[in-house]
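Visitor: Each residue of the sequence shown is one higher than the one before, starting from 9 at the first, in the working numbering.
Even glycine gets a Cβ: it sits at the ideal position worked out from N, Cα and C.
Note that the structure is predicted; figures quoted are calculated from it, not measured.
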Amino acid sequence: MTATRVAVIGAGTMGHGIAYVAALAGCEVRLTDSGPNALGRAIVQITSLLEGGLKRGKLTESDRAAVVNRLHAEPDLRGAIADADVIIEAVVEDLALKQRLFADVERTAPRSALLASNTSSLSIGQIAAGLTEPGRLVGMHFFNPVVVMKLVEVITHGGESGPAAERAVEFARRLGKEPIVVRDSPGFASSRLGVVLGLEAMRMLEQDVASAEDIDKAMELGYNHPMGPLKLTDLVGLDVRLAIAEYLHATLGKPQYEPPKILREKVKKGELGKKSGKGFYTWSD
């Protein structure tokens, strides 16, 4: 597939990162969001990524100019998807919202467009259930920060989604990512494993086994993880981790997915991680 026109729906942490890597890979990108200030914030963040790449010698001035020329903020959903080859949704983890969104997308988007959800845990089959052609939709679960993390989970559902999954794998590789193919199952592969590790780290913190820093260091130095589970939770967002844990606990019914008290309390207090300035760590701009 030679997909050059990409629409990304949702300009938050994941959405603007996906838009950035797609533009850097040579795609024409339209980034859209219904929030009044979301697109402006996303452009600021993308500009920061470009400046950081320049400073570290990862990008040239030519690279930066090319990304700026290829990536466009488009407040109108229909305008963003009208001629897209690939449409990636990166909105909040709400099943009903995603179902409504893809029903609208299917009515407007070209029939040839690949439809993909960046959900980290929700059932792709359920998201696709209301579509006229559910086999068009697959999961493409990117990881945060998108510019750094190589993995993309491509999630299939039923026999109909095979051709779409093949297109998604090819597209992920075009973006310089390493795709794996996973059958639709609660939490897929990565969230199901990663959430268990993160929640157990939180329980250890609750029990005063060690500090957040030392728990993270144990996994970084002892198991060669690039980042510890508590710091990673801060980057992902404690509210996001809580929602995923609640979903997995409800669907799988296993005690290891029950959110610990410390996570619920921090979310209730608005300590959501890096985006709020405080989570398991204190963050500054």
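(1) With contact counted as at least three CB pairs below 8 Å, one residue from each stretch, are the region 194–204 and the region 219–232 in contact?
(2) Considering Glu161, what are the terminal residues of the beta strand (DSSP E) in which it resides?
(3) Compute the beta-carbon to beta-carbon distance between Pro153 and Gly285, rounded to the nearest angstrom, for a pair I have assumed lies under 8 Å.
(4) Quick one: any contact between the region 103–121 and the region 129–142, if contact means 3 or more CB pairs under 8 Å?
(5) Answer yes or no: do Ala46 and Gly20 have a C-beta to C-beta separation smaller than 8 Å?
(6) Tell me the DSSP secondary structure of Met235 in three-state form.
(7) In chain order, what residues of the same chain have a beta carbon less than 6 Å from the beta carbon of Tyr289, not counting five sequence neighbours either side?
(8) With DSSP run on the structure shown, which of helix, strand or coil describes Glu97?
(9) Measure the C-alpha to C-alpha separation of Ala11 and Lys283 and round it to an integer number of angstroms.
(10) With DSSP collapsed to three states, give me the class of Pro142.
(11) Please report the distance separating the alpha-carbon of Val146 from that of Ala176.
(12) In angstroms, rounded to a whole number, what distance separates the CA positions of Leu280 and Gly287?
(13) Please report how far the alpha carbon of Arg64 lies from the alpha carbon of Asp71, in whole angstroms.
(14) Count the C-beta pairs between the region 94–110 and the region 119–126 that are closer than 8 Å, then say yes if the count reaches three, no if not.
(15) For Val113, would you say it is in contact with chain C, using Cβ-to-Cβ distances shorter than 8 Å as the test?
(16) How should Lys274 be labelled, buried or exposed, when 16 other C-beta atoms within 10 angstroms of its C-beta is the threshold for buried?
(17) So, for Leu85: in the same chain, excluding its five sequence neighbours on each side, which residues have a beta-carbon less than 6 Å away from its beta-carbon?
(18) Give the DSSP-derived three-state secondary structure of Met9 in the structure shown.
(19) With distances taken Cα to Cα, identify the nearest neighbour of Ile89 among Ser129, Leu205, Glu36 and Gly206.
(20) Report the rounded CA-to-CA distance for Pro171 versus Phe151, giving the unit in angstroms.
(21) From which residue to which residue does the alpha helix (DSSP H) around Ser198 run?
(22) In its own chain, which residues sit with a C-beta less than 7 Å from the C-beta of Met9, not counting the 5 before and 5 after it?
Guide: Reading it off the structure:
(1) Counting Cβ pairs under 8 Å, fewer than three are found: no touch.
(2) Taking the first residue of the sequence shown as 1, we reach residue 161 at position 153. Here the beta strand (DSSP E) through Glu161 covers Leu159 to Thr164.
(3) Stepping through the sequence shown from its first residue, residue 153 is reached at position 145. Stepping through the sequence shown from its first residue, residue 285 is reached at position 277. Pro153 to Gly285, Cβ: 18 Å. No contact.
(4) When Cβ pairs closer than 8 Å are counted between the two stretches, the region 103–121 is seen to touch the region 129–142, the count reaching three or more.
(5) Translated into positions along the sequence shown, residue 46 becomes position 38. Translated into positions along the sequence shown, residue 20 becomes position 12. In contact: Ala46 and Gly20 (Cβ atoms closer than 8 Å).
(6) Counted from its first residue, the sequence shown places residue 235 at position 227. The answer is coil: DSSP assigns Met235 none of H, G, I, E or B.
(7) Residue numbering aside, residue 289 sits at position 281 when the sequence shown is read from its first letter. Around Tyr289: Asp242.
(8) As a first step, residue 97 is located in the sequence shown; it is residue number 89 there, counting from the start. The answer is strand: DSSP assigns Glu97 an E or B state.
(9) Counted from its first residue, the sequence shown places residue 11 at position 3. Counted from its first residue, the sequence shown places residue 283 at position 275. With a pLDDT of 46 at Ala11, under the threshold of 50, the predicted position of this residue should be treated as unreliable, though the coordinate-derived value follows. Here the C-alpha atom of Ala11 lies approximately 32 Å from the C-alpha atom of Lys283.
(10) Here residue 142 corresponds to residue number 134 of the sequence shown, with the count starting at 1. DSSP, read as helix, strand or coil, puts Pro142 in helix.
(11) Within the sequence shown, numbered from 1, the residue matching residue 146 stands at position 138. Within the sequence shown, numbered from 1, the residue matching residue 176 stands at position 168. Cα to Cα, Val146 sits roughly 8 Å from Ala176.
(12) Residue mapping note: residue 280 aligns to position 272 of the sequence shown, counting from 1. Residue mapping note: residue 287 aligns to position 279 of the sequence shown, counting from 1. Rounded to whole angstroms, Leu280 to Gly287 spans 5 Å at the Cα level.
(13) Within the sequence shown, residue 64 is the residue found at index 56, counting from 1. Within the sequence shown, residue 71 is the residue found at index 63, counting from 1. Separation of Arg64 and Asp71 (C-alpha to C-alpha, rounded to the nearest whole angstrom) is 13 Å.
(14) The region 94–110 vs the region 119–126: in contact.
(15) This model lacks chain C altogether; it includes just one protein chain.
(16) Residue numbering aside, residue 274 sits at position 266 when the sequence shown is read from its first letter. Buried, since its Cβ has 16 or more Cβ neighbours within 10 Å.
(17) Counting from one through the sequence shown, the residue named residue 85 turns up at place 77. Cβ neighbours of Leu85 beyond the five flanking positions: Thr40.
(18) What you label residue 9 is simply residue 1 of the sequence shown in a count that begins at 1. Note on Met9: pLDDT 45, under 50, position unreliable in the model; no value is reported.
(19) Reading the sequence shown from its first residue, position 81 is the one you call residue 89. Nearest C-alpha to Ile89 among Ser129, Leu205, Glu36 and Gly206: Glu36.
(20) For the purposes of this step, residue 171 is taken as the residue at position 163 of the sequence shown. For the purposes of this step, residue 151 is taken as the residue at position 143 of the sequence shown. One C-alpha to the other measures close to 23 Å.
(21) Start at 1 with the first residue of the sequence shown, and residue 198 comes out as number 190. Segment Ser198 to Glu214, the alpha helix (DSSP H) holding Ser198.
(22) By one-based count along the sequence shown, residue 9 stands at place 1. Bear in mind that the predicted position of Met9 carries a pLDDT of just 45, short of 50, making it unreliable; the figure below should be weighed with that in mind. Excluding residues within five positions, the ones whose Cβ falls inside 7 Å are Arg175, Glu178 and Phe179.
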